[in-house]
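Student: According to my numbering, the residues represented by the first sequence are 1270 to 1505, in order. Quick reminder that beta carbons are idealized off the backbone N, C-alpha and C, glycines included.
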Amino acid sequence: MKELVQQFKGKKILQAEGNAKIDPSDFVNKKIVDFKSWGKHFLICLPKATIRIHFLMFGSYSINEQTKPARSLRLHLKFTNGDLYFYTCSIKILEGDLDEIYDWSADVMNEKWSATKAIKKLKAIPGTLACDALLNQDIFSGVGNIIKNEVLFRIKLHPESSIGKIPTAVIKAMVKEARKYSFDFLKWKKAFELKKHWLAHTKKMCARCNIPLIKTYPGKTKRRTFFCTDCQIKYD
DNA sequence: TGCCATGTTAAACT
DNA sequence: GAGTTTAACATGGC
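(1) Using the Cβ count rule (16 or more neighbours within 10 Å means buried), how would you classify T1471?
(2) In its own chain, which residues sit with a C-beta less than 7 Å from the C-beta of G1279, not counting the 5 before and 5 after it?
(3) With 16 other CB atoms within 10 Å as the buried threshold, where does M1443 fall?
(4) Residues in the same chain with beta-carbon distance under 6 Å from N1447, minus the five sequence neighbours each way, listed in chain order, please.
(5) Closer than 8 Å by C-beta to R1423: which residues in its own chain qualify, once you throw out the five before and the five after it? Chain order, please.
(6) Quick one: using the 10 Å Cβ neighbour count with 16 as the cut-off for buried, is K1417 buried or exposed?
(7) Would you tell me roughly how many angstroms separate the C-alpha atoms of S1257 and K1281, rounded to the nearest one?
(8) Can at least three beta-carbon pairs, one atom from the segment 1392-1399 and one from the segment 1427-1436, be found at a separation below 8 Å?
(9) Should G1308 be labelled buried (16 or more other beta-carbon atoms within 10 Å of its own) or exposed?
(10) Roughly how many angstroms separate the alpha carbons of V1439 and Q1275, rounded to a whole number?
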C-alpha cells in the first residue's frame, strides 16, 4: 500500500469525508508530506499532524476507484490526481514528533530495525512465552499471528517455550527469521500466493514429520497456534 | 449458511 | 491500582 500511494505524496487534499470519529474536514487543503508505516500502522503525514490508520482484522483500502464504493466509507481523501479510500479501520490523529512516538528500530521491516535491541528487549522478559513475545509490537512491530506461527515452525521452537530458557542461538534465529519471514510474507502477498507457503498456519499435518499438528490458544495472547510436538523443541 | 479469524482498544470485571 | 476478561469493530473465506 505504501508503494501504491506514493502518487499522492506532496499532493494537496482537496476533499475529505467519511464516518471516522475524527473530523475529516481538518485535512482539507493540507499537503501530504510523507507516507510512513510502523508495523501495522499506516501513517499519513501532514504538515502539523499525522493520520494513523490501523486496519485491525477486516480493514481494507482502495485507490482511484472509478465509481463511488458501495462499502461503508471510513475515510476518503480526494487529490487532483486521484482518490484514496479506507474502510473498516481505526483512524486516529497523532500530534507531535513521530520519532518520539515510534521506536523505528522495533519495526521488523524498517531500515532502522535493530536485531540487537530486539534481543535486549527479549532478555528483559525471561518469563514470557515465545508465542507472546513474537506478538509483542514493542519488540516485533509488524509481526502478526500468521508470521508468529510460521517463524516458530521454521526455527523449530515450541510456542510455549519460556524466553529465558531458550538458547541464545535460537533467540537470535527467532529475531532473524521474524524479519526475514516478514519480507517473504510481503513478496508472497504481492504474488497472491501467501497461503501456498504456509508450513504450519492452519495446517493439519507437519510439513517435516507428517504427523498431526497441535492447535491451541496458548499464552497471554491466546491466539490460534499451530505447532508440531516432534520437531518444535520446548525450552522450559 | 454460519462460523471463524491476519488485531487492537477500551470498558468492565476481579 | 494492577491484572484479566469481554465487547466492539464488521467482512471475506471456508
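Tutor: According to the data block:
(1) exposed
(2) K1300, I1301
(3) buried
(4) For the record, residue 1447 in the displayed sequence is Ala; it is not Asn. Correct list, in chain order: V1377, F1409, V1412, V1420.
(5) E1446, Y1450, L1468
(6) buried
(7) The structure shown does not extend to residue 1257, since the chain is modelled only from 1270 to 1505, so the question has no answer here.
(8) yes
(9) buried
(10) 38 Å
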